[in-house]
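Student: Before we start, here is the structure in question, set down as structure tokens.
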DNA sequence: GCCAACGTTGGC
DNA sequence: GCCAACGTTGGC
């Protein structure tokens, strides 16, 4: 467990990834099971990565555009927001000419895998849970790839995933 | 600064 | 594959 961010209790987030593109199994194979979360190109999500997401925060790893749609496990933020260098790389998929090292537009954080759920928690399960009916990811039209999660929602999803009060 | 057109996301 | 929702672009 990384040390907590100074000055505030842990917050919780949901990070979306297309399972075809980068799934929790990819993360599990990374060195130290840690990766940088690059490619976010949306200002609202950027603001959260840059300003709000802190080491020690909990992250639900959600598979979008996959079958099944599901929370696959939980991660921990191990590095706070810093410039997304893939935006500077012309050969990268998410290259952005408007972002420069001197004045970066886009940010990323580092994530470490905490636990892949034995049984992933499907979107249908989430929807069936009254405690989660306000969860941002379940709201119609919510397309952000980074979303806030309440402590209650975090606990509920962890319980559904068979993880006992991990953090 | 408005808003129509367009592109993308992502659940279904 | 469809389409609703949303973000961005660009003409005016």
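In the UniProt record's numbering, the protein residues as written are 1 to 167. Even for Gly, the Cβ is constructed at its ideal location relative to N, Cα and C. Only a predicted model underlies this, so the values are computations on that prediction, with no experimental measurement involved.
Given 8 angstroms as the limit, is there contact between the segment 15-32 and the segment 122-134, that is, 3 or more CB pairs closer than that?
Tutor: No, the segment 15-32 does not touch the segment 122-134.
Student: Can you find the residues in the same chain that come closer than 6 angstroms, C-beta to C-beta, to residue 64, ignoring five residues on each side of it along the sequence?
Tutor: Taking the first chain and counting its residues from 1, the one referred to as residue 64 is at position 64. Excluding residues within five positions, the ones whose Cβ falls inside 6 angstroms are 16 and 18.
Student: Using only CA atoms, which one of 97, 156, 149 and 41 lies nearest to residue 52?
Tutor: By 1-based counting over the first chain, the position of residue 52 is 52. For residue 52, the nearest C-alpha among the options comes from 149.
Student: State the Cα-Cα distance for the pair residue 26 and residue 152, rounded to the nearest angstrom.
Tutor: Looking up residue 26 in the first chain gives position 26. Looking up residue 152 in the first chain gives position 152. Each residue's Cα considered, the two are about 28 angstroms apart.
Student: Using 8 angstroms as the Cβ pair cut-off and three pairs as the minimum, do the segment 76-84 and the segment 93-109 touch?
Tutor: Segments in contact, yes.
Student: Which same chain residues, not among the five before or five after residue 66, have their C-beta less than 6 angstroms away from its C-beta?
Tutor: Looking up residue 66 in the first chain gives position 66. Cβ within range, chain order: 19.
Student: Rounded to a whole number of angstroms, what is the C-alpha to C-alpha distance between residue 49 and residue 10?
Tutor: Working through the first chain from its first residue, we reach residue 49 at position 49. Working through the first chain from its first residue, we reach residue 10 at position 10. Residue 49 and residue 10: Cα-Cα distance of roughly 14 angstroms.
Student: In whole angstroms, give me the CA-to-CA distance for residue 166 and residue 98.
Tutor: Residue mapping note: residue 166 aligns to position 166 of the first chain, counting from 1. Residue mapping note: residue 98 aligns to position 98 of the first chain, counting from 1. Low confidence applies here, because residue 166 scores a pLDDT of 49, under 50, leaving its location unreliable; read the following figure in that light. About 40 angstroms.
Student: Closer than 6 angstroms by C-beta to residue 45: which residues in its own chain qualify, once you throw out the five before and the five after it? Chain order, please.
Tutor: Position 45 of the first chain holds residue 45. Once the five neighbours on either side are set aside, the close Cβ partners of residue 45 are 144, 145 and 146.
Student: Out of 7, 134 and 73, state which residue places its alpha-carbon closest to the alpha-carbon of residue 160.
Tutor: By 1-based counting over the first chain, the position of residue 160 is 160. It is 73 whose Cα lies nearest to the Cα of residue 160.
Student: Leaving aside the five residues before and after residue 133 along the sequence, list all residues of the same chain whose C-beta is less than 7 angstroms from its C-beta, in chain order.
Tutor: Position 133 of the first chain, counted from the start, is the residue given in the question as residue 133. None.
Student: Tell me whether residue 110, by its Cβ, gets closer than 6 angstroms to a heavy atom of the ligand ATP.
Tutor: No copy of the ligand ATP occurs in the structure displayed, which carries no ligand at all.
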